[in-house]
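**Student:** Please read through the structure below; I'll follow up with questions.
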Ligand code: ATP
Ligand code: MN
């Protein structure tokens, strides 16, 4: 049995006191060698790098080493020595090895290196053990941490908005229903409709598609708030940019107008990307090398350059004048597709773009109406490779205008009474936006498919693990 205090490999690789005895624990990535000496590459997920364990077979018997194969989990006690091999400064000369868990080479799915991302999706329960997913998950953590840091430094408060919601008019997408009723025996009203009075909450409820409406309630009391939680959209779109369950960050700020909102979005994204460049370089270098040779350069470019800001109408003019053949033809009034967004960003401006003042008919009811009667004070931030990464707006703070718009769009006013009340009692100009967390991680990691930047993706027909 290996005893003694374990040191994580991330720290062990920094040690300089050669000759001292240390204990490391982790999963075997590879084992090679001959009948005199074995080399084990050990990884514990705290850092992308492995530590090399050198085993002298006259010290540790072949019998003990036999189950030490790729994927097995071991503890090693040994002496820290300077490494003679390339690419590492320290290694461990093993004195004792204990095997916690074996991994049968005939059945362990990650026995070989270089699996496709598609294959790894099928074994999502094991893929965190690969270099790629280790890197992605560590970056994901760093970004979550930086998000809280950014808003905390600004004095905004983290508001927990509900995951189960009773309003089916958040307007951002199709919803998953939440019920405890027996679907084989639904209670019916006299008119033959489902009787939601019998359901858990006494009304129809769903999983939230956005925390914004409740976020506004927080902003109109605490000034600046942000949400950071899971959102659910039952959209049947199998794209590399959509999940059925994803995480969203939604700041909402009283007294901010649309310009302040754009400034906040741009500062926020640059802060996060700069944070990744400063704190995640090992993982970024790996991803840059393996998947996307321009990744680090692209991240630096976004940090260093001002985003282009222009109205939707101007953007549409540029798209029409481009002469480019799009799958979906462009005319004023359409909801821009990702091919259009990416043309503006990648071909025309060659940098991130913030489009504003969209036609009111393609945007949500709560956006502030412009004087022209046709557009609303919306803003979408468009990124290279991603298209829309942020969607936001200044909110309509005028009670009558908001109520008219709700009625015009045939939304159930009766379910929104509490939201409308905020415009009756101490209304204030305010703005906010939603950043899709996985879209951010897509951009920062350079990965191509959103299923590969969340540990357990939820997509149509896929919720196994
Ligand atoms: P899109 O047009 O790309 O479907 P949207 O306009 O429906 O997005 P919003 O309602 O504005 O998106 O949501 C705010 C942000 O949440 C988006 O800018 C995007 O980053 C992210 N987002 C939206 N839908 C999804 C999804 N299904 N999966 C992952 N992220 C999403
Ligand atoms: Mn949007």
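Residue numbers (our numbering): 336 to 800.
The beta carbon of each residue, even a glycine, is placed where N, CA and C say it ideally should be.
Computed from a predicted structure; not experimentally measured.
(1) Which ranges does the beta strand (DSSP E) cover as unbroken runs of at least 3 residues, wholly within the stretch 461-512, from first to last along the chain?
(2) Would you grab the beta carbon distance between residue 545 and residue 511 for me? Rounded to a whole angstrom, and I think it's under 8 Å.
(3) For residue 311 and residue 359, I'd like the C-alpha separation in whole angstroms.
(4) Assuming residue 363 contacts residue 429 (C-beta within less than 8 Å), just tell me the rounded distance between them.
(5) As an exercise, report each continuous beta strand (DSSP E) stretch of at least 3 residues that is fully enclosed by the stretch 534-591, in chain order.
(6) With which residues is residue 663 paired in a DSSP beta bridge?
(7) For residue 357 and residue 478, I'd like the C-alpha separation in whole angstroms.
(8) Which residues does DSSP pair with residue 765 in a beta bridge?
(9) Mind checking whether residue 489 and residue 413 have CB atoms under 8 Å apart?
(10) For the beta strand (DSSP E) containing residue 710, name the first residue and the last one.
(11) Report the rounded CA-to-CA distance for residue 710 versus residue 670, giving the unit in angstroms.
(12) Whose C-alpha, out of 464, 416, 408 and 422, is nearest the C-alpha of residue 437?
(13) Quick check on this structure: which residue in 473, 425 and 406 has the alpha carbon closest to the alpha carbon of residue 461?
(14) Helix, strand or coil: which one does DSSP assign to residue 374?
(15) DSSP on residue 428, reduced to helix/strand/coil?
(16) Where does residue 367 land, buried or exposed, given buried means 16+ other C-beta within 10 angstroms?
(17) Under 8 Å by Cβ, that's how I've got residue 530 and residue 523 pegged, so tell me the actual separation to the nearest angstrom.
(18) For residue 535, I'd like the list of residues in its chain whose CB is within less than 6 Å of its CB, leaving aside the five on either flank, ordered along the chain.
(19) Could you compute how far the alpha carbon of residue 740 sits from the alpha carbon of residue 748?
(20) At the level of alpha carbons, what is the spacing between residue 351 and residue 392?
(21) From this set, 604, 630, 598 and 605, which residue's C-alpha is nearest residue 616's C-alpha?
(22) May I ask which residues mark the beginning and end of the beta strand (DSSP E) holding residue 343?
(23) Determine the closest residue to residue 340 out of 411, 419 and 638, with distance taken between C-alpha atoms.
(24) Would you kindly work out how many angstroms separate the C-alpha atoms of residue 456 and residue 787, rounded to a whole number?
(25) Taking residue 432 and residue 395 to be in contact with their CB atoms under 8 Å, please state how far apart those CB atoms are, rounded to whole angstroms.
(26) Residue 692 to residue 676, Cα distance in whole Å?
(27) Using a Cβ-based criterion (distance less than 7 Å to any ligand heavy atom), does residue 770 qualify as near the ligand ATP?
(28) Please check the pair residue 470 and residue 383, which I expect to be a contact at CB under 8 Å, by giving their CB distance rounded to whole angstroms.
(29) Since residue 766 and residue 728 should fall inside the 8 Å C-beta cutoff, what is the C-beta to C-beta distance between them, to a whole number of angstroms?
(30) Which residue comes first and which comes last in the alpha helix (DSSP H) that contains residue 656?
(31) Rounded to the nearest angstrom, what separates residue 737 and residue 701 at their Cα positions?
(32) Taking only heavy atoms of the ligand ATP into account, decide whether any of them is closer than 7 Å to the Cβ of residue 577.
(33) Could you check where the alpha helix (DSSP H) with residue 394 kicks off and where it finishes?
(34) Short of 6 Å in beta carbon distance, which residues of its chain neighbour residue 784, apart from the five on each side in sequence? Order them along the chain.
(35) If you run the structure through DSSP and keep just helix, strand and coil, what is residue 608?
**Tutor:** According to the structure data:
(1) Complete beta strand (DSSP E) runs here, min 3: none at all.
(2) Along the chain shown, read from residue 1 onward, the residue named residue 545 stands at position 210. Along the chain shown, read from residue 1 onward, the residue named residue 511 stands at position 176. The beta-carbon distance between residue 545 and residue 511, rounded to whole angstroms, is 13 Å. This is too long to meet the 8 Å contact definition.
(3) No answer is possible for residue 311: the residues shown for the chain start at 336 and end at 800.
(4) For this step, residue 363 is matched to residue 28 along the chain shown. For this step, residue 429 is matched to residue 94 along the chain shown. About 12 Å separates the CB atoms of residue 363 and residue 429; that is not less than 8 Å, and the two are not in contact.
(5) Residue ranges of uninterrupted beta strand (DSSP E) with 3 or more members, entirely inside the stretch 534-591 and ordered along the chain, are 540-542, 559-567 and 580-589.
(6) Against the chain shown, residue 663 aligns to sequence position 328. In the DSSP assignment, residue 663 forms no beta bridge with any residue.
(7) Counting from one through the chain shown, the residue named residue 357 turns up at place 22. Counting from one through the chain shown, the residue named residue 478 turns up at place 143. Per the coordinates, the alpha-carbon of residue 357 lies some 32 Å from the alpha-carbon of residue 478.
(8) Residue mapping note: residue 765 aligns to position 430 of the chain shown, counting from 1. In the DSSP assignment, residue 765 forms a beta bridge with 589.
(9) By 1-based counting over the chain shown, the position of residue 489 is 154. By 1-based counting over the chain shown, the position of residue 413 is 78. Their beta carbons are not under 8 Å apart, which means residue 489 does not touch residue 413 by this criterion.
(10) Here residue 710 refers to the residue found at position 375 of the chain shown. Boundaries of the beta strand (DSSP E) around residue 710: 710-718.
(11) In the chain shown, residue 710 corresponds to position 375, counting from 1. In the chain shown, residue 670 corresponds to position 335, counting from 1. Near 13 Å, if we compare the C-alpha coordinates of residue 670 and residue 710.
(12) If you number the chain shown from 1, residue 437 lands on position 102. The closest CA to that of residue 437, considering only 464, 416, 408 and 422, is found on 408.
(13) Here the question's residue 461 lines up with position 126 in the chain shown. Measuring from the Cα of residue 461, the nearest candidate turns out to be 406.
(14) In the chain shown, the residue the question calls residue 374 occupies position 39. In the three-state reduction of the DSSP assignment, residue 374 falls in the strand class, which pools E and B.
(15) Walking along the chain shown from the start, residue 428 turns up at place 93. Note: residue 428 maps to strand in three-state DSSP.
(16) Within the chain shown, the letter at position 32 stands for residue 367. With fewer than 16 other Cβ atoms within 10 Å, it is exposed.
(17) Looking up residue 530 in the chain shown gives position 195. Looking up residue 523 in the chain shown gives position 188. Contact check for residue 530 and residue 523: beta-carbon distance about 6 Å, within the 8 Å limit, so the pair qualifies.
(18) What you label residue 535 is simply residue 200 of the chain shown in a count that begins at 1. These residues qualify, in order along the chain: 515.
(19) Reading the chain shown from its first residue, position 405 is the one you call residue 740. Reading the chain shown from its first residue, position 413 is the one you call residue 748. Each residue's alpha carbon lies about 10 Å from the other.
(20) Position 16 of the chain shown, counted from the start, is the residue given in the question as residue 351. Position 57 of the chain shown, counted from the start, is the residue given in the question as residue 392. Rounded to the nearest angstrom, the two C-alpha atoms are 26 Å apart.
(21) In the chain shown, counting from the first residue as 1, residue 616 sits at position 281. In this structure, 630 is the residue among 604, 630, 598 and 605 with its C-alpha nearest to the C-alpha of residue 616.
(22) One-based indexing of the chain shown puts residue 343 at position 8. First-last for residue 343: undefined, no H or E at that position.
(23) Taking the first residue of the chain shown as 1, we reach residue 340 at position 5. Looking at the Cα atoms, 411 is the closest of the given residues.
(24) Counted from its first residue, the chain shown places residue 456 at position 121. Counted from its first residue, the chain shown places residue 787 at position 452. Going from the Cα of residue 456 to the Cα of residue 787 covers about 7 Å.
(25) Numbered from 1 along the chain shown, position 97 holds the residue referred to as residue 432. Numbered from 1 along the chain shown, position 60 holds the residue referred to as residue 395. With 8 Å as the limit, residue 432 and residue 395 qualify as a contact, their Cβ atoms being about 6 Å apart.
(26) One-based indexing of the chain shown puts residue 692 at position 357. One-based indexing of the chain shown puts residue 676 at position 341. Whole-angstrom Cα-Cα distance: 15 Å.
(27) Stepping through the chain shown from its first residue, residue 770 is reached at position 435. Under cutoff, so the answer is yes.
(28) On the chain shown, residue 470 is found 135 positions in, with the first residue counted as 1. On the chain shown, residue 383 is found 48 positions in, with the first residue counted as 1. For residue 470 against residue 383, the beta-carbon gap comes to about 6 Å, under 8 Å, which counts as contact.
(29) Here residue 766 corresponds to residue number 431 of the chain shown, with the count starting at 1. Here residue 728 corresponds to residue number 393 of the chain shown, with the count starting at 1. Yes, they are in contact, since the Cβ atoms of residue 766 and residue 728 sit about 7 Å apart, within 8 Å.
(30) One-based indexing of the chain shown puts residue 656 at position 321. DSSP places residue 656 inside the alpha helix (DSSP H), whose first and last residues are 647-656.
(31) Here residue 737 is taken as the residue at index 402 of the chain shown, counted from 1. Here residue 701 is taken as the residue at index 366 of the chain shown, counted from 1. Each residue's Cα considered, the two are about 7 Å apart.
(32) If you number the chain shown from 1, residue 577 lands on position 242. Yes.
(33) Reading the chain shown from its first residue, position 59 is the one you call residue 394. Premise fails: residue 394 is in no alpha helix (DSSP H) and is neither H nor E.
(34) To locate residue 784, count along the chain shown from 1; it is residue 449. These residues qualify, in order along the chain: 575.
(35) Within the chain shown, numbered from 1, the residue matching residue 608 stands at position 273. Look at residue 608 here: in three-state DSSP terms it is helix.
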